[in-house]
Amino acid sequence: MNTSPLPSAPPKKHRNLAQGVVAHISDNIRNGELEPGDKLPTESEIMRILGVSRTVVREAISHMQAAGMVETRHGIGTFVLEPAAPPAHLLGLDPNTVITMRDVLALLELRISLETEAAGLAASRRSETQLQQLRTALDSFLACARNGSETVASDLQFHLLIAESSSNRYFHDILSHLGTNIIPRARLNSAKLAQDEPSVYMERVVNEHEDIYSAIARKDPESARAAMRTHLSNSRERLRRAQELFESQAQ
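My numbering numbers the first residue of the sequence shown as 623 and each following residue consecutively.
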């Protein structure tokens, strides 16, 4: 058992400081600087290396405990765990592990492949009742977006209804399991990251949703696939540019 020092490096700027600590330690686990069984540096040492408060370090460790990355043995320290074998019935998709911006980007890449096809199938297979439910969910999303209310729940409902309308339960099962993690705004300030006014950002997202709905309403599978791919690719591109900006500022 080793106590491994974290490589000294200027911390990258993250919207959430605890997220930055998690990302830094996660990187060290991925590149082998920290191995299963290694003891993390003390809270004081992490505070010194990364320039954060004790509260931030404890929040980060709490996130990593929930994700199964580390365990804390009272009076001894915090240790890196062996990666858990993914449960077969969940395909290893654990919502608790969606923590950093990098995780959100990876999830968006998965969603592009899944939801693009789900939208195409929905356009071919949806019923009139399902179309009405989609319209209701989209109208709720529109109302929340334009009056400044919380939009995550109605956005999630819209995407889940599309998956349900595909008549392939596995699309719905996977997205439902991931829950609000499929909506970047549930984790990150997407408008700020895109360097847009919130109203401008939300209007763009609204228009992307309308394009998806219109293609499904017309029973046009190819247009539905294209509209969904555009919507999710735009989200990915906004986050990718924001990540690059953070990294350049940290250098």
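We treat Cβ as the ideally placed atom computed from N, Cα and C, and that holds for glycine.
Within the DSSP secondary-structure output, glycine 654 pairs in no beta bridge.
In the DSSP assignment, glycine 742 forms no beta bridge with any residue. When DSSP states are grouped into helix, strand and coil, arginine 695 belongs to the strand group.
By the neighbour-count definition (other C-beta atoms within 10 Å, threshold 16), glutamate 786 is a buried residue.
Glutamate 750 and serine 789 have their alpha carbons spaced roughly 14 Å apart. Taking 7 Å as the cut-off, the Cβ atoms of alanine 839 and serine 845 do not count as close.
Within the region 771-810, the complete alpha helix (DSSP H) runs of at least 4 residues fall at 774-787, 791-800.
Across the set Val678, Gly642, Asp842, the C-alpha of Gly642 shows the shortest separation from the C-alpha of aspartate 725.
Residue range 750-769 is occupied by the alpha helix (DSSP H) that includes serine 762. Look at valine 702 here: in three-state DSSP terms it is strand. Pairing proline 663 with histidine 646, the inter-Cα distance amounts to about 13 Å.
Closest in C-alpha terms to tyrosine 792, from the list Ala765, Ser762, Leu743, comes Leu743. Restricting attention to Val822, Ala849, Ser821, Asp777, the CA atom closest to the CA of glycine 801 is found in Asp777.
In this structure, isoleucine 734 lies near leucine 854, with their beta-carbon atoms less than 7 Å apart.
Note on geometry: alpha-carbon atoms of serine 857 and glycine 697 lie some 44 Å from one another. Note on geometry: alpha-carbon atoms of aspartate 795 and serine 666 lie some 43 Å from one another.
The shortest C-alpha to C-alpha distance from lysine 661 to any of Asn650, Phe701, Val678, Glu693 is the one to Phe701.
Boundaries of the alpha helix (DSSP H) harbouring threonine 677: 676-688, taken from the DSSP string.
CA-CA distance, asparagine 650 to glutamate 657, rounds to 9 Å. For the options Glu655, Glu859, Glu825, the alpha carbon positioned closest to that of phenylalanine 763 is the one of Glu825. Closest in C-alpha terms to leucine 861, from the list Thr758, Ser746, Glu772, Leu727, comes Leu727. Shown here, aspartate 833 sits in a helix according to DSSP, grouped into three states.
In the displayed model, aspartate 649 falls within a helix according to three-state DSSP. In the structure shown, the three-state DSSP call for aspartate 842 is coil. Around the beta carbon of glutamate 693, a 10 Å sphere encloses fewer than 16 other beta carbons of the protein chains shown; the residue is thus reported as exposed.
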